[in-house]
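Residue numbers (my numbering): 467 to 730.
By construction, the Cβ of each residue, glycine as well, lies at the ideal position given by its N, Cα and C atoms.
Note that the coordinates shown come from a computational prediction; the quantities given were computed from them, not determined experimentally.
Have a look at the structure below before the remarks.
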Amino acid sequence: MSFIQINNLTKKHTNRRGSKRSPADVAAPGEMITVLDDINLEFEEGEMVCILGPSGCGKSTLLRIIAGFDTDYDGEIVIEGEKVESASSEHIFVFQQNGLLPWMSVWDNVELGLRNVEDVEKKNEQIQEYIDLVELNGFEYNLPAELSGGMQRRAELARALAVKPDILYLDEPFTGLDYFTHLKIREEVVNIHEYIGKTMIMVTHFIEDALVMADRIVILSEMPTSVKMTRTLDFPRPRNINTNKEMGDLRDEIFLMLGVSYVA
Ligand SMILES: Nc1ncnc2c1ncn2[C@@H]1O[C@H](COP(=O)(O)OP(=O)(O)OP(=O)(O)O)[C@@H](O)[C@H]1O
Ligand SMILES: [Mg+2]
């Protein structure tokens, strides 16, 4: 049995659009609109899966449902044989927007997930270990506002990882980063995945990230959203999209699938 199973998941929202874009629009303002349409997916333990799809197709909605933050849907999410009814402290979510508490230092933010660890020495060791892992040593007592955007994302990752979650949900974790920081943190996440070997499900709209990082990619369609394609990636690591022709071809195929013809 798979570690995570999504069975016949359908999610509807009230249509918040103020007016119909065209006569072909499926729902008028205020009517229910189907966001996720009978999604069936499985994730293996330790797998790194990237979910791609057009903007607004329901990627965050899907991730929030798997993580147990939203329970208003049809179908079921089963993790290790148990139906998900609520969020779990063993399954950590890194949000699309900054999730650090602004009045707390890096150290205190990382400590948040470890409140239940009673052995103070062990707890402090664990906090330092993860701050070091994301190379933020020296910034332990800085507030988020005193860090660059990239450092804030790294602090968030440290906080998520310090909990040693069974599953890590990442919703566009590189949002707002400059190109070089993006590449650096991407490499860190890949290394961390190799190091801790936990299940990671990451939503992204960067096709290259998915190709470089994932064991498997899932591509979603436009709303009402269904699974358009899943593909296991067995390209050797470290991966370079510029030197691996097969990866380049797959990137072009995905661009076309998402409605863009890619010209390098
Ligand atoms: N609370 C809500 N009430 C009504 N509609 C919502 C709600 N949350 C999301 N939606 C709608 O559901 C659809 C999917 O939203 P979602 O945020 O999951 O998309 P996404 O794929 O993550 O988008 P992006 O790529 O921009 O992050 C959108 O059309 C959005 O307007
Ligand atoms: Mg989103």
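Would you kindly check if the distance between the Cβ of residue j and the Cβ of residue i is under 8 Å?
i	j	result
Leu-609	Ser-571	yes
Leu-699	Leu-677	yes
Ile-532	Tyr-661	no
Leu-507	Ile-472	yes
Pro-702	Asp-503	no
Ile-558	Pro-631	yes
Val-515	Asp-637	no
Ile-683	Phe-721	no
Gly-616	Ile-651	yes
Cys-523	Leu-686	yes
Val-736	Ile-499	The chain is shown from 467 up to 730; residue 736 falls before or after that span and cannot be answered.
Quick one: what's residue i bridged to in DSSP?
i	result
Gln-471	Glu-508, Val-544
His-479	Ile-499
Phe-561	Note: Phe-561 sits in no beta bridge, so no partner.
Leu-686	Val-693
Asp-637	Val-669
Ile-517	Val-669, Val-684
Thr-698	Arg-682
Would you tell me roughly how many angstroms separate the C-alpha atoms of residue i and residue j, rounded to the nearest one?
i	j	result
Asn-706	Val-629	31 Å
Ser-521	Glu-511	28 Å
Arg-717	Lys-549	35 Å
Leu-526	Ile-543	Note that residue 526 corresponds to Ser in the displayed sequence, not to Leu. If I take the Cα positions, the gap works out to 15 Å.
Asn-726	Met-695	What sits at residue 726 in the sequence shown is Val, not Asn. Cα to Cα, Val-726 sits roughly 16 Å from Met-695.
Glu-546	Ser-554	13 Å
Glu-477	Lys-588	Contrary to the premise, residue 477 reads as Lys rather than Glu in this sequence. Their backbone Cα atoms lie some 42 Å apart in a straight line.
Val-583	Glu-591	11 Å
Val-501	Phe-561	20 Å
Asp-538	Arg-697	29 Å
Glu-606	Trp-569	13 Å
Ile-667	Ile-633	8 Å
Asn-710	Ala-494	46 Å
What I want to know is whether the C-beta of residue i ends up closer than 7 Å to one or more non-hydrogen atoms of ligand 4.
i	result
Asp-598	In terms of ligand content, the structure shown lacks ligand 4 and carries ligand 1 and ligand 2 instead.
Against chain B, does residue i count as a neighbour if the rule is that its beta carbon must be under 8 Å from one of theirs?
i	result
Lys-478	The structure shown has no chain B; it contains just one protein chain.
Discussion item. So, does the segment 589-600 touch the segment 609-626, judging by three or more C-beta pairs under 8 Å?
Written reply: Touching, per the Cβ criterion.
Worksheet item: Mind listing, in chain order, the residues whose beta carbon lies closer than 5 Å to a non-hydrogen atom of ligand 1?
Response: Chain order is used for the residues whose beta-carbon lies nearer than 5 Å to a heavy atom of ligand 1, namely His-479, Arg-482, Val-501, Ser-521, Gly-522, Cys-523, Gly-524, Lys-525, Ser-526, Thr-527.
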